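Engineer: Following this message is one structure expressed as structure tokens.
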Amino acid sequence: MNFHKLPASRTKIVATIGPASQRIEILQDMINAGMNVARLNFSHGDFSSHARTIAAIRRAAELTGNRVAIMADLPGPKMRLRLIENGPVQLKNGDHFTLTSENIVGSRERVSMTYENLPAVVKPGDTLFLNDGFIQLQVESVEAADVHCLVQVGGELSSHKGLNLPGIDLGAAAFTPRDHECLCFAMEQGLDAVSQSFVST
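Quick note on numbering: the sequence shown equals residues 0 to 200 in numbering that gives the first Met the number 0.
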């Protein structure tokens, strides 16, 4: 990674490039509107499609005469809820709610998650967020595969919503084998920056 190639301005306008914005003409418009860092979300797509997008970004930057850095956003560990039967469900302040690493069909009281190591990395008092931060939980206790929580900020919860663990050290689990593959690809492509989720040091 060559951070000296990042655009000189201190403020960066980062835009995520997806299927709707991969065409060179659209990329030129985005660059002319101020985008100077193009973010590629490696949670989606394959390396072939990312390579095509990288080439399109570089061509659009060349045509506009602007410097545009390309950033690889590594997937990180998958932290999502599994299926909730008869969802969505409403969680209210003060409710008791359990996250489990057991592969079950979820209910209003207990829901399975894809991150099986959660019971090992959280402790009573930790704060967890669901549904892009709209729902806030506090860990009350951990028992085998179950993390028992108190709902501090309630809201609507549906299947496959994300789980966020701010300030919780995931250890080696934060950098997955898939992250390593994506990082190697990013280096081969000569990308300018990398972003990683769940950084603790």
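Ideal Cβ placement from N, Cα and C applies to all residues, glycine included. What you are looking at is a predicted structure, and each value in this text was computed from that prediction instead of being measured.
If you scan the region 72-130 from start to end, which runs of the alpha helix (DSSP H) of 4 or more residues do you find wholly inside it?
Structural biologist: 117-120
Engineer: How is R58 classed by DSSP in three states: helix, strand or coil?
Structural biologist: helix
Engineer: List the residues that DSSP assigns as beta-bridge partners of L39.
Structural biologist: A71
Engineer: Could you spell out where the alpha helix (DSSP H) holding I23 opens and where it closes?
Structural biologist: I23 to N31
Engineer: Straight-line CA distance for V141 to D125?
Structural biologist: 11 Å
Engineer: Relative to the C-alpha of L129, which residue among K122, Q151, A143 and N116 is closest?
Structural biologist: Q151
Engineer: Cα separation between L182 and G105?
Structural biologist: 35 Å
Engineer: According to DSSP, which residues form a beta bridge with T15?
Structural biologist: R38
Engineer: With DSSP as the reference, please indicate the residues paired to G161 in a beta bridge.
Structural biologist: R79
Engineer: Quick one: residues in its chain with C-beta nearer than 7 Å to the C-beta of R58, no 5 flanking neighbours on either side, listed in chain order?
Structural biologist: I23
Engineer: Counting pairs of Cβ atoms below 8 Å between the region 76-90 and the region 103-117, do you hit three or more?
Structural biologist: yes
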